[in-house]
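Engineer: Residue 893 is where the sequence shown ends in the numbering used here, and the numbering goes up by one at each step. Got a structure for you, written out below as structure tokens; questions coming shortly.
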Amino acid sequence: VGYWVPVFGVVFASTVLHLRLLLTIRQRQRKGEYKSLFYRIFVLQSLIELVLLFFYLACAIVARDQPQGGDVLLSPNFGFFGELYYYGSVYYFLHVQVWGVVVQSFNRCFAVCA
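Next comes the structure, spelled out in structure tokens:
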């Protein structure tokens, strides 16, 4: 139980911050502000990150709180959960982060150079 208290604290704070930013951007977009591609990419990446954050947290809870331990659960002999945990949350989350930064960088480069 002691392990999950700080984890849920960070997840809660991160979720509140993301949702507040998304609501602020959405309100400003309705007023005619924040219509650039930067904010569209930011909103899309934030939504994907929130979904993947909760998916990763759910997989981590299942992997950590198993009586037989995470080693058995994540082994290839156990079934598809190990692959789902790695490719579905960790690997995909990494790709979302990296490609989000790359797309934002290209967007900023084109905005400055054009």
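The beta carbon of each residue, even a glycine, is placed where N, CA and C say it ideally should be. Quantities reported herein were computed from a predicted structural model and do not represent experimental measurements.
Which first and last residues belong to the alpha helix (DSSP H) in which A839 is found?
Structural biologist: Position 60 of the sequence shown, counting from 1, holds the residue named residue 839. Per DSSP, A839 belongs to the alpha helix (DSSP H) from 816-843.
Engineer: Alpha carbon to alpha carbon, how far is K810 from L831? Give it in angstroms, no decimals.
Structural biologist: The residue you call residue 831 lines up with position 52 of the sequence shown. The residue you call residue 810 lines up with position 31 of the sequence shown. Whole-angstrom Cα-Cα distance: 30 Å.
Engineer: Alpha carbon to alpha carbon, how far is S815 from F787?
Structural biologist: By one-based count along the sequence shown, residue 815 stands at place 36. By one-based count along the sequence shown, residue 787 stands at place 8. In a straight line, the C-alpha of S815 is about 33 Å away from that of F787.
Engineer: Need the endpoints of the alpha helix (DSSP H) that S884 sits in, please.
Structural biologist: For the purposes of this step, residue 884 is taken as the residue at position 105 of the sequence shown. Per DSSP, S884 belongs to the alpha helix (DSSP H) from 871-892.
Engineer: Can you give me the Cβ contacts of S868 inside the same chain, cut-off strictly under 7 Å, excluding the 5 residues immediately before and after it?
Structural biologist: As a first step, residue 868 must be located in the sequence shown, where it is residue number 89. Answer for S868: L831, F834, Y835, C838, listed in chain order.
Engineer: Tell me where the alpha helix (DSSP H) around S793 begins and ends.
Structural biologist: The sequence position of residue 793 within the sequence shown is 14, counting from 1. Start and end: 783-809.
Engineer: Count the other CB atoms within 10 Å of the CB of Y864; is the residue buried (16 or more) or exposed (fewer)?
Structural biologist: Here the question's residue 864 lines up with position 85 in the sequence shown. Per the 10 Å Cβ criterion, buried.
Engineer: So, using beta-carbon positions, are I820 and Q876 closer together than 8 Å?
Structural biologist: The residue you call residue 820 lines up with position 41 of the sequence shown. The residue you call residue 876 lines up with position 97 of the sequence shown. Not closer than 8 Å, so no.
Engineer: Out of G879, Y870, R843, Y866, state which residue places its alpha-carbon closest to the alpha-carbon of G781.
Structural biologist: To locate residue 781, count along the sequence shown from 1; it is residue 2. Taking only the C-alpha atoms, the option nearest G781 is R843.
Engineer: Which class does E862 belong to by DSSP, given the choice of helix, strand or coil?
Structural biologist: Stepping through the sequence shown from its first residue, residue 862 is reached at position 83. In this structure, E862 counts as helix in the three-state DSSP scheme.
Engineer: My understanding is that I827 touches Y818, with C-beta atoms under 8 Å, so please give their C-beta distance in whole angstroms.
Structural biologist: Taking the first residue of the sequence shown as 1, we reach residue 827 at position 48. Taking the first residue of the sequence shown as 1, we reach residue 818 at position 39. At roughly 15 Å, the Cβ-Cβ gap does not stay under 8 Å, so I827 and Y818 are not in contact.
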